[in-house]
Amino acid sequence: MSRIAIIGLGMMGTPMAHLLHAAGHQLVVKDANHDVEVNFAASHSGTVVANNNASFADCDVLITMLPNSDIVDAVVSDLAPHLKAGSCIIEMSSADPIKTRVLAASLQERGIALIDAPVSGGVKKAVNGTLAIMVGGDPAVFEQQKPILEVMGKAITYVGPVGSGHALKALNNYVSAAALIATAEAIHVGAAFGIDANTIVDVINASTGKNNTTENKAHQFMLNDAFNSGFSLALQSKDVGIAAALGKSMQLPMDLAQKVNAMTADASQTLGPKADHTELYKFVGKSSCA
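Convert by adding 938 to the 1-based position in the sequence shown; the result is the number in my numbering.
Right, here's the structure in full:
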């Protein structure tokens, strides 16, 4: 069993850490919220709370599950001098693939490997260990770390060189956001025409327009005004922005992505940092009435 450090015990990081502990790995944990890290250690025997950078010196693997690339870069750059040569960082955040490649190159000079392994599936799949994990990096390092990833995920796919996982995650979330917006627009327009909103969703699910939003979000979080899927609108907006920027850097402007990016950014700013991403449904409805 490996000695694994986990930085970021949020809604996704905590259940993922729980599964690694249950699998027998020794854990060192760190979170911006001290109470969260202390409470996790208290309920998971043998877990160490990292009090300083030296706490990470004996770790074989460092897993980061953080909000964005800037935070990842700051945390990893601070820790790198204290990590042992031959260790590996598994960067599981939704991050900027270009910045990931720069970070990986700087770590390689220290003899530290980095693979990016962002996840998809939400809190439910993080809890039951069935996340989809897309991995970029050295294939040999991926194979070495695959047993750890298999504790947290079910569909684990090597997608290309370092940064590729983060690129594909952003592109996936762009497609997901576009489908959510299209679904919301269809529901609002159909309802205005006099069709029951739930009937609209049921018919789309039996037809060619079926998508993740109609199957797993519309009834569950949108039409019932729950808006508590567990994935924030701010993070969705960040991911769509990464996808749109990636398209530009590839000289592929992605016209629809630019529009989805503008809409999600506007919605996030309007609804605030605590808004769930399914609240785009409300935003689209108000925009349609404006």
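For every residue, glycine included, the Cβ atom is placed at its ideal position computed from N, Cα and C.
Beta bridge pairing from DSSP links Ile942 with Leu965, Val999. Leaving aside the five residues that flank Lys1092 on each side, the residues in its chain whose CB is nearer than 6 Å to its CB run, in chain order, Thr1068. Non-local beta-carbon contacts of His982 in its own chain, meaning distances under 8 Å to residues more than five positions away in sequence, involve Ala955, His956, His959, Leu965 in chain order.
With respect to Ala1105, Val1198 sits apart: the two C-beta atoms are not nearer than 7 Å.
Under the three-state reduction of DSSP, Val1057 is assigned to strand. When DSSP assignments are scanned along the stretch 1107–1161, the uninterrupted stretches of alpha helix (DSSP H) that are 4 or more residues long and fall wholly within it turn out to be 1135–1143, 1150–1154. For Ala1182, no beta strand (DSSP E) segment is defined; the enclosing uninterrupted segment is the alpha helix (DSSP H) at 1171–1187. Apart from sequence neighbours up to five positions away, the residues of its chain that approach Ala1135 with a beta-carbon distance below 6 Å are Ile1125, Ala1129, Leu1161, ordered along the chain. Inter-segment contact for the stretch 1132–1146 and the stretch 1175–1186 is absent: fewer than three beta-carbon pairs are separated by less than 8 Å. Judged by DSSP secondary structure, Met1072 falls within the beta strand (DSSP E) whose first and last residues are 1069–1074. Beta-bridge pairing by DSSP links Ile1028 to Ile1001, Ile1053. For Lys1084, the enclosing alpha helix (DSSP H) begins and ends at 1077–1090. As computed with DSSP, Thr1095 is found in a beta bridge with Met1072. Taking Pro1099 as reference, the option from Asp1011, Asp996, Ala1051 with the minimal CA-CA separation is Ala1051.
Nearest to Gly1060 by alpha-carbon distance, out of Gly951, His963, Asp1008, is Gly951. Nearest to Ala970 by alpha-carbon distance, out of Thr1002, Leu1087, His963, is Thr1002. Pairing Phe1169 with Pro1005, the inter-Cα distance amounts to about 12 Å. Spanning the alpha carbons of Ser1025 and Pro1211 requires a straight line of approximately 35 Å. Minimum Cα-Cα distance from Ile944 among the listed residues Asn1154, Ala1200, Ile1086 corresponds to Ile1086. The beta carbon of Phe1080 is closer than 8 Å to those of Ile1053, Val1073, Tyr1096 in its chain, skipping five residues each way along the sequence. The beta carbons of Ser940 and Asp998 sit closer together than 7 Å. C-alpha of Leu1109 to C-alpha of Ala961: approximately 31 Å in a straight line.
In the displayed model, Asp1214 falls within a strand according to three-state DSSP.
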